[in-house]
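Using our numbering, the first residue of the sequence shown is number 951, and each one after it goes up by one.
All C-beta atoms, glycine included, are put in the ideal place defined by N, C-alpha and C.
Model, not experiment: these values are computed from the prediction.
Notes follow once the structure below has been shown.
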Amino acid sequence: MSLYGLLKRPGPNGFGYNSTTEQVTEGLDLSGRVYVLTGCNSGLGAETMRVLCARGATVMGLARSLKKAEAACAAVAGDARPVACELSEPASVRQAVETLRGANHDFDGVFSNAGIMALPQREVKYGLELQVLTNHVGHFILVTGLLDRLSPTGRVVMLSSAAHTMSWPEGVRMDDLAAEKDYQSWKAYGQSKLCNLLFARSLAARLPEGQTANAVHPGVIATNLGRHTPKVFYALFGALGPVMALKSVAQGAATQTFVATHPTAAGITGEYWADCNVARSSAHGRDMALAEALWEKTEAIVAGL
951 MSLYGLLKRP
961 GPNGFGYNST
971 TEQVTEGLDL
981 SGRVYVLTGC
991 NSGLGAETMR
1001 VLCARGATVM
1011 GLARSLKKAE
1021 AACAAVAGDA
1031 RPVACELSEP
1041 ASVRQAVETL
1051 RGANHDFDGV
1061 FSNAGIMALP
1071 QREVKYGLEL
1081 QVLTNHVGHF
1091 ILVTGLLDRL
1101 SPTGRVVMLS
1111 SAAHTMSWPE
1121 GVRMDDLAAE
1131 KDYQSWKAYG
1141 QSKLCNLLFA
1151 RSLAARLPEG
1161 QTANAVHPGV
1171 IATNLGRHTP
1181 KVFYALFGAL
1191 GPVMALKSVA
1201 QGAATQTFVA
1211 THPTAAGITG
1221 EYWADCNVAR
1231 SSAHGRDMAL
1241 AEALWEKTEA
1251 IVAGL
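Written out as structure tokens, the structure is:
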């Protein structure tokens, strides 16, 4: 464990930076509960699915291809069911929605966990920069398509990031979601993570009492998400001790798992979480006018896809 990790104390609820998925679900019986999880085939998604299944839950495991989803689901002990969902392809997301709806389950939680990060070159698809399309728009289509299948106490968890603070000065460039004016890999990624956070805020305001929507920052973890990031970046994080530190995958997946399953998180909605506790986001991340503008903009985009 890093020096930073040793110095971090648990938050008000007893969990914190060092908590793992096993610890935040210890003693929980999730039998009979059904969860939807994107990005089930690697990193935080694979760990989240493993622990949910170990606690008795059924997990609808979504990955970019059915082959990847099948392999990931076969690798865990428990009831994991594969579904193909390529988030950058609206037709694939809509087909995944139909598949999930056809399963005739109410869902106790939806984890919007998958994503891409800091693409070195600008990539555009369907008129949108690929990170905002994949990380935000794809999940918007998926989640809104399943809202009437959420259980009365269903929880939506959006995987955001502290990188949301690295977005553009105006937060979200509503008039340039294709990044035609400028492209900077980390700002584009930060914008997509800010979109995830704002979507959770807006969704929380729309859900009936009992259902929740929250955004989480997992921490900095060396997973496949960072395949475009130089390895020296992670080496520096691990070496800088009290300034920066890497979490393990089990620690990184703990916050989203806690928010989706733990009894003490029930009823808490519209928040930004880090280290298994409610945290404070950037000013843009708390801007409900921006959140509403993004919701309306995204609805218009989705209608045209």
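Who are the Cβ neighbours of residue i in its own chain at under 7 Å, not counting the five residues just before and after it?
i, result
"Thr998", "Thr971, Leu987, Phe1061, Asn1063, Ala1203, Gln1206 and Thr1207"
"Leu1109", "Ser1062, Asn1063, Gly1065, Asn1146, Val1166, Pro1168 and Gln1206"
"Phe1057", "Val984, Tyr985, Val986, Leu1096, Arg1099, Leu1100, Ser1101 and Gly1104"
"Leu1190", "Note on Leu1190: pLDDT 41, under 50, position unreliable in the model; the coordinate value appears next. Hits under 7 Å: none found."
"Leu1127", "Leu1078, Glu1079 and Val1082"
When every heavy atom of the ligand SAH is checked, does at least one fall within less than 6 Å of the C-beta of residue i?
i, result
"Ser981", "Judged by which ligands are present, the structure shown has none, so any question about the ligand SAH falls away."
Taking the alpha-carbon of residue i as reference, which of the options has the nearest alpha-carbon?
i, options, result
"Gln1134", "Glu1073, Ala1165, Ala1112 and Ala1150", "Glu1073"
"Ala1239", "Ser1111, Met1124 and Gln1081", "Met1124"
"Lys1116", "Val1093, Lys1143 and Leu1092", "Before going further, note that residue 1116 is Met rather than Lys in the sequence given. Met1116 has its Cα closest to that of Lys1143, out of Val1093, Lys1143 and Leu1092."
"Leu1050", "Leu1153, Ala1138 and Thr1094", "Thr1094"
"Gly1220", "Ser1232, Trp1118 and Leu1153", "Leu1153"
"Thr1211", "Lys1247, Asn1164 and Ala1233", "Asn1164"
"Arg1005", "Pro1070, Gly995 and Val974", "Val974"
"Ser981", "Leu1092, Val1001 and Gln1141", "Val1001"
"Thr1248", "Thr1084, Val1209, Arg1230 and Pro1119", "Thr1084"
"Phe979", "Ser1232, Cys1003, Lys1075 and Gly964", "The sequence as given places Asp at residue 979; Phe does not occur at that position. For the residues Ser1232, Cys1003, Lys1075 and Gly964, the minimum Cα distance to Asp979 belongs to Cys1003."
"Ala1241", "Leu1148, Val1228 and Ala1224", "Leu1148"
"Met1067", "Leu994, Asn963 and Ala1138", "Ala1138"
"Pro1119", "Cys990, Ser1111 and Gly1140", "Gly1140"
"Trp1245", "Asn1054, Trp1223 and Ala1150", "Ala1150"
"Val1026", "Gly995, His1055, Ser1038 and Gly1052", "Gly995"
Tell me, which residues are paired with residue i by DSSP?
i, result
"Ile1171", "Lys1197"
"Asn923", "One cannot answer for residue 923 here, as it falls past the ends of the chain, which runs 951 to 1255."
"Trp1245", "Per DSSP, none; premise fails for Trp1245."
"Gly1011", "Leu987 and Pro1032"
"Thr1224", "Reading off the sequence, residue 1224 comes out as Ala, not Thr. Partner(s): His1167 and Asn1227."
"Lys1075", "Leu1078"
"Trp1118", "Gly1121"
"Leu1100", "Phe1057"
Return the chain-ordered list of same chain residues with a C-beta closer than 6 Å to the C-beta of residue i, the five sequence neighbours on each side being excluded.
i, result
"Ser969", "Ala1204 and Cys1226"
"Gly1197", "The question names Gly, yet the displayed sequence has Lys at residue 1197. Within the same chain, Lys1197 has close Cβ partners Gly1169 and Ile1171."
"Pro960", "Gly966"
Enumerate in chain order the residues of its own chain whose CB-to-CB distance from residue i is below 8 Å, with the five nearest sequence positions on each side excluded.
i, result
"Ser1200", "A quick correction: the sequence has Ala, not Ser, at residue 1200. If we look at Ala1200 and ignore the five residues flanking it on each side, its Cβ neighbours are Thr970, Thr971, Glu972 and Glu997."
"Ala1253", "none"
"Ala1250", "none"
"Ala1046", "Leu1012, Val1033, Ala1034, Cys1035 and Leu1092"
"Lys958", "Gly966, Tyr967, Asn968 and Asp1225"
"Ser1015", "Ala1034 and Glu1036"
- Query: Counting pairs of Cβ atoms below 8 Å between the segment 1004-1016 and the segment 1024-1031, do you hit three or more?
  - Reply: Result yes; three or more Cβ-Cβ pairs closer than 8 Å.
- Decide yes or no for the touch test of the segment 1013-1028 against the segment 1082-1091: beta carbon pairs closer than 8 Å, at least 3 of them. Remark: fewer than three beta-carbon pairs, one from each stretch, lie closer than 8 Å, so the segment 1013-1028 and the segment 1082-1091 are not flagged as touching.
- Three or more beta-carbon pairs under 8 Å between the segment 1117-1134 and the segment 1151-1166, yes or no? Cβ pair count under 8 Å is below three, so no.
- Message: Across the segment 1034-1043 and the segment 1211-1220, are there enough close Cβ pairs to call them in contact, namely three or more that are closer than 8 Å?
- Response: The segment 1034-1043 vs the segment 1211-1220: no contact.
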